[in-house]
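>
In the numbering used here, the protein residues as written are 32 to 263.
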């Protein structure tokens, strides 16, 4: 083989190596581009998920804030309605107390009430001797009905007449002169206690009104507001 043939073979080998190198480079380029596209797609999808998660998180925060605001507004409205309802009931109670004051000015009616209150107190205490307290101004109404009250009690329980001592030192507070006055006040009625003071029956008109309103409050609310009354 002469030099020309050797040169040709060398050139053929060089072309073959170059072609192999180009093909290999092309494969590497294609593979690299595929890997790049795959990684790019993965990054894009990952960022999309992050953005979606962040959006959902913020949307939840907005929804929660909206629910909290709505709940606060609803509670504020409910409190206003309840306050308005309580104001009406309180006004009714105040009017009832004023009506009682008018009753105490009718001597015959008030004395009948006092007698009933004394009998009821005796029936609750069931003591042979009790202490009675009343407003200082009411003593002139209490004393005339004491005997009748003792007899009625004794007849009901078939016992001896009880001993009732009117407390001359401690009196119930006087009635409130006007709405702006402060301090303790009493619209009328009596308080009876056992001799040792351990058992007390508060039968003042104010206490009777309070008890009546507590017992009748559901019925009062139903009559005033029906099914539209608001729950606390």
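Glycine included, every Cβ here is placed at the ideal spot set by N, Cα and C.
I believe residue 251 touches residue 120 by the beta-carbon criterion, under 8 Å. Please report the beta-carbon distance rounded to the nearest angstrom.
Contact between residue 251 and residue 120 holds, with the beta-carbon distance rounding to 6 Å and staying under 8 Å.
> Considering only residues of the same chain and omitting the five flanking positions on each side of residue 70, which have a CB-CB separation below 7 Å?
Same-chain partners within the cutoff: there are none.
> How many Å lie between residue 248 and residue 181 at the Cα?
34 Å
> Among the candidates 232, 221, 65 and 83, whose CA atom is the shortest distance from the CA of residue 204?
221
> So what's residue 163 in DSSP terms, helix, strand or just coil?
strand
> Quick one: is residue 224 buried, meaning 16 or more other Cβ sit within 10 Å of its Cβ, or exposed?
buried
> Compare the beta carbon distance of residue 131 and residue 242 with 8 Å and say whether it is the shorter of the two.
no
> Compute the distance between the beta-carbons of residue 175 and residue 142, then report whether it is under 8 Å.
yes
> Who does residue 222 pair with in a DSSP beta bridge?
164 and 233
> In terms of alpha-carbon separation, which member of 112, 228 and 195 lies closest to residue 149?
195
> I need the straight-line Cα distance from residue 56 to residue 49, nearest angstrom please.
10 Å
> With DSSP as the reference, label residue 124 as helix, strand or coil.
helix
> Tell me which residues share the same chain as residue 135 and place their Cβ nearer than 6 Å to its Cβ, disregarding the 5 neighbours each side in the sequence.
141 and 219
> Is the Cβ-Cβ distance between residue 217 and residue 206 less than 8 Å?
yes
> Please classify residue 148: does DSSP put it in a helix, a strand, or coil?
helix
> Please check the pair residue 201 and residue 164, which I expect to be a contact at CB under 8 Å, by giving their CB distance rounded to whole angstroms.
6 Å
> With residue 194 as the anchor, note down where its beta strand (DSSP E) starts and where it stops.
194–197
> Considering only C-alpha positions, which residue in the set 171, 151 and 73 is nearest to residue 138?
Restricting attention to 171, 151 and 73, the CA atom closest to the CA of residue 138 is found in 171.
> Here's a check: name, in chain order, each residue in its chain whose Cβ is nearer than 7 Å to the Cβ of residue 77, leaving out the five neighbours to either side.
none
> Name, in chain order, the residues that DSSP records as bridge partners for residue 132.
Answer by DSSP bridge pairing: none, since residue 132 is not bridged.
> For residue 162, I'd like the list of residues in its chain whose CB is within less than 6 Å of its CB, leaving aside the five on either flank, ordered along the chain.
196, 198 and 224
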